[in-house]
Amino acid sequence: MKLKVPSIACDNCVAGIEREIRDRDPNAKVEGDVSQKILTIETEMTEAAVKEAIVAAGHEVG
């Protein structure tokens, strides 16, 4: 899935989100395009659960 996360500003932001998602799904793959503020996530989690993890990392989903 692809999600817009307007608050990501650097690779550390992406890494923090990846940690939150991988805490819930260790096999998840997360790629971030900081310039476009888009995350591409491969996971077994629901979209709602992914959004919850992003919020837990201190970011908002746009």
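The opening position of the sequence shown corresponds to residue 1 in the numbering used here, with each subsequent residue numbered one higher.
For glycine and all other residues, C-beta sits at the position ideal for the given N, C-alpha and C.
query: Buried or exposed by the 16-neighbour rule on C-beta atoms within 10 Å, applied to E20; result: buried
query: First through last residue of the beta strand (DSSP E) which encompasses V30; result: K29 to D33
query: Expected contact under 8 angstroms - CB spacing of V14 and I54 to nearest Å; result: With a Cβ gap of about 11 angstroms, V14 and I54 do not count as contacting.
query: Integer-rounded CB distance, given that L3 should sit under 8 angstroms from V50; result: 7 angstroms
query: Residues that I41 bridges to, as DSSP identifies them; result: V30
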